[in-house]
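Enquirer: The structure follows.
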Amino acid sequence: MLDRRTFVLGAAATTALVTAVPAHATAAAAAPGKTAGALLAPDGNPHLLTWTDGQWVLLDERGSVRITRGLGSAALVDVAADGDRLVAVGSLGGADPTAAIWESTDGTTWREARRLHGVRSEFTAVGGGLALGSVVKTERASVVRIAARRTGSGWATVPVRGLEWTDGLAATAVARTADGWVAAAVDQAGTVLHTSRDGVSWTARPRLDGVAVRALASLGGGVHWVGNELVEATPLTGVLDAGQRQPAVPADAKALGVVGARSAWLAGGRLITAEATR
Numbered sequence: 004m005l006d007r008r009t010f011v012l013g014a015a016a017t018t019a020l021v022t023a024v025p026a027h028a029t030a031a032a033a034a035p036g037k038t039a040g041a042l043l044a045p046d047g048n049p050h051l052l053t054w055t056d057g058q059w060v061l062l063d064e065r066g067s068v069r070i071t072r073g074l075g076s077a078a079l080v081d082v083a084a085d086g087d088r089l090v091a092v093g094s095l096g097g098a099d100p101t102a103a104i105w106e107s108t109d110g111t112t113w114r115e116a117r118r119l120h121g122v123r124s125e126f127t128a129v130g131g132g133l134a135l136g137s138v139v140k141t142e143r144a145s146v147v148r149i150a151a152r153r154t155g156s157g158w159a160t161v162p163v164r165g166l167e168w169t170d171g172l173a174a175t176a177v178a179r180t181a182d183g184w185v186a187a188a189v190d191q192a193g194t195v196l197h198t199s200r201d202g203v204s205w206t207a208r209p210r211l212d213g214v215a216v217r218a219l220a221s222l223g224g225g226v227h228w229v230g231n232e233l234v235e236a237t238p239l240t241g242v243l244d245a246g247q248r249q250p251a252v253p254a255d256a257k258a259l260g261v262v263g264a265r266s267a268w269l270a271g272g273r274l275i276t277a278e279a280t281r
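Following this line, the structure appears as structure tokens:
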């Protein structure tokens with residue numbers, strides 16, 4: 004069975020690591036370590052943002068690798084395209100994490116855009132100008148929800164009401180919709196879903212049982228998702244309230260995200276994409 008923490012902490016990965024990766028190299032053996040997720044770079048190509056050999060790098064479908072700058076030893080959990088910029092979220096500080104947000108215009112050079120001082124916390128999902136996370140206790144169990152919204156002057160924290168997740172759950176995905184936002188968290192039975200018009204007050208919507216949703220995206224008037232079946236880890240993609248299917252990817256592929264109009268997956272240590280569900 005897939006552990007939900009595999010998705011919450013962005014740990015879909017293989018154990019193989021490269022020993023050295025020069026910038027813009029092509030490395031067939033560049034298997035990811037811990038993975039923040041997939042993003043559509045400004046050049047229009049899907050990339051994987053992954054931690055390899057002590058540094059965050061961008062890895063494309065051909066195996067080309069670019070080393071990033073500005074992320075240092077950040078513990079990234081999720082990444083998303085947001086208008087004219089890319090946004091990554093996670094934490095700093097190791098055993099005493101501090102939730103933080105980074106931004107980039109090219110996927111290579113990043114800057115820290117927001118940090119929550121004075122509290123053990125981490126952001127675990129970002130999308131559509133909204134970052135969701137939790138204040139955490141030992142073993143990073145979620146106890147209090149936190150959120151930040153991007154404004155014209157930067158990222159501002161906002162209150163969270165209605166995300167009544169239990170059992171230490173944390174957000175695995177969030178996406179902007181025509182009516183606000185939709186957020187996902189994974190429990191032992193599947194995916195819990197909530198919607199919000201303002202990013203503050205949240206209302207439960209029908210859940211998606213049997214699937215661990217890794218990413219959400221608004222495409223063509225529907226909310227698309229990618230994930231893995233809980234028991235057999237079968238790769239799945241679908242549209243909320245409109246069914247699901249198995250994408251044309253290997254059976255052991257792990258869901259990463261939605262990039263443009265394609266779903267993104269990790270299989271055999273490589274990034275692969277497939278047509279998103281219509």
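For the sequence shown, the numbering used here begins at 4 and goes up steadily by one.
Heads up, the beta-carbon is just placed ideally off N, CA and C, and yes, glycines get one too.
(1) Using 8 Å for Cβ pairs, my map puts D85 next to G131. What's the rounded Cβ distance?
(2) Is DSSP giving S204 helix, strand or coil here?
(3) Does D201 pass the burial test, meaning 16 or more other C-beta atoms within 10 Å, or should it be called exposed?
(4) Do three or more CB pairs link the segment 72 to 86 to the segment 103 to 116 at distances below 8 Å?
(5) Would L119 pass as a contact of T101 if the rule is Cβ separation under 8 Å?
(6) May I have the straight-line CA-CA distance separating G157 from L42, to the nearest angstrom?
(7) Please classify S76 as buried or exposed, where buried requires at least 16 other C-beta atoms within 10 Å of its C-beta.
(8) Check whether the Cβ atoms of W184 and T198 sit closer than 8 Å, and answer yes or no.
(9) So what does DSSP say about V21, is it helix, strand or coil?
(10) So, helix, strand or coil for V161, using DSSP?
(11) Nearest to V307 by CA position, among G246, V216, V139 and V161, is which residue?
(12) Using only CA atoms, which one of R210, L233 and A267 lies nearest to D244?
(13) Could you check where the beta strand (DSSP E) with A256 kicks off and where it finishes?
(14) Could you check what DSSP says for W184 in three-state terms: helix, strand or coil?
(15) Going by DSSP, name the residue or residues bridged to R65.
(16) Decide if R114 is buried, meaning its Cβ has at least 16 other Cβ atoms within 10 Å, or exposed.
(17) Just the Cα atoms here: how many angstroms apart are A174 and W54?
(18) Just to check my reading of the structure: R123 and V138 have Cβ atoms closer than 8 Å, yes? What is that Cβ distance to the nearest angstrom?
(19) Which one of G271, A187, A270 and G241 has the shortest CA to CA distance from R208?
(20) Beta strand (DSSP E) containing K125: first to last residue?
(21) Which of helix, strand or coil does DSSP assign to D212?
(22) Note down the Cα distance separating G263 from L89, rounded to an integer number of angstroms.
(23) With distance defined between alpha-carbon atoms, name the residue in G136, G40, L269 and V234 nearest to V163.
(24) Please report the distance separating the alpha-carbon of Q249 from that of L61.
(25) Measuring alpha carbon to alpha carbon, tell me which of A39, A176, G271 and V261 ends up nearest D255.
(26) Given that a residue counts as buried once 16 or more other Cβ atoms are within 10 Å of its Cβ, and exposed if not, what is A159?
Expert: This is what the structure gives:
(1) On the sequence shown, residue 85 is found 82 positions in, with the first residue counted as 1. On the sequence shown, residue 131 is found 128 positions in, with the first residue counted as 1. Going by Cβ atoms, the distance from D85 to G131 rounds to 7 Å, so yes, they are a contact pair.
(2) Along the sequence shown, one-based indexing puts residue 204 at 201. Of the three classes helix, strand and coil, the one that applies to S204 here is strand, per DSSP.
(3) To locate residue 201, count along the sequence shown from 1; it is residue 198. By the 10 Å Cβ count, D201 comes out exposed.
(4) Verdict: yes, contact present.
(5) The residue you call residue 119 lines up with position 116 of the sequence shown. The residue you call residue 101 lines up with position 98 of the sequence shown. If you check the CB distance, L119 and T101 come in under 8 Å.
(6) In the sequence shown, residue 157 corresponds to position 154, counting from 1. In the sequence shown, residue 42 corresponds to position 39, counting from 1. One C-alpha to the other measures close to 21 Å.
(7) The residue labelled residue 76 in the question sits at position 73 within the sequence shown. In summary, S76 is exposed, with fewer than 16 beta-carbon neighbours lying within 10 Å of its beta-carbon over all protein chains present.
(8) Residue mapping note: residue 184 aligns to position 181 of the sequence shown, counting from 1. Residue mapping note: residue 198 aligns to position 195 of the sequence shown, counting from 1. A contact, by the Cβ cut-off of 8 Å.
(9) Numbered from its first residue, the sequence shown carries residue 21 at position 18. With a pLDDT of only 27 at V21, under the threshold of 50, the placement of this residue in the model should not be trusted, and no figure is reported.
(10) Residue mapping note: residue 161 aligns to position 158 of the sequence shown, counting from 1. Strand at V161.
(11) In the structure as shown, the chain starts at 4 and stops at 281, and residue 307 therefore has no counterpart that could be examined.
(12) On the sequence shown, position 241 is the one that residue 244 refers to. If we check each option's Cα against that of D244, R210 comes out closest.
(13) Within the sequence shown, numbered from 1, the residue matching residue 256 stands at position 253. Counting along the chain, A256 falls outside any beta strand (DSSP E), and DSSP gives it neither H nor E.
(14) Looking up residue 184 in the sequence shown gives position 181. Three-state result, W184: strand.
(15) Here the question's residue 65 lines up with position 62 in the sequence shown. BP columns for R65 are empty, so no partner.
(16) As a first step, residue 114 is located in the sequence shown; it is residue number 111 there, counting from the start. Flag for R114 reads exposed.
(17) If you number the sequence shown from 1, residue 174 lands on position 171. If you number the sequence shown from 1, residue 54 lands on position 51. If I take the Cα positions, the gap works out to 21 Å.
(18) Within the sequence shown, residue 123 is the residue found at index 120, counting from 1. Within the sequence shown, residue 138 is the residue found at index 135, counting from 1. Confirmed, about 6 Å.
(19) As a first step, residue 208 must be located in the sequence shown, where it is residue number 205. Checking every option, the nearest Cα to that of R208 belongs to A187.
(20) Taking the sequence shown and counting its residues from 1, one reaches residue 125 at position 122. The sequence given here places Glu at residue 125; Lys does not occur at that position. Counted as a single uninterrupted DSSP element, the beta strand (DSSP E) harbouring E125 occupies residues S124 to G130.
(21) Here residue 212 refers to the residue found at position 209 when the sequence shown is read from its first residue. Strand.
(22) Position 260 of the sequence shown holds residue 263. Position 86 of the sequence shown holds residue 89. So the two alpha carbons sit approximately 13 Å from each other.
(23) Working through the sequence shown from its first residue, we reach residue 163 at position 160. Checked all of G136, G40, L269 and V234; the closest Cα to V163 is G136.
(24) Counted from its first residue, the sequence shown places residue 249 at position 246. Counted from its first residue, the sequence shown places residue 61 at position 58. Counting only the Cα atoms, L61 lies some 27 Å from Q249.
(25) On the sequence shown, residue 255 is found 252 positions in, with the first residue counted as 1. The candidate whose alpha carbon is nearest that of D255 is G271.
(26) In the sequence shown, residue 159 corresponds to position 156, counting from 1. Exposed: under 16 other Cβ atoms inside 10 Å.
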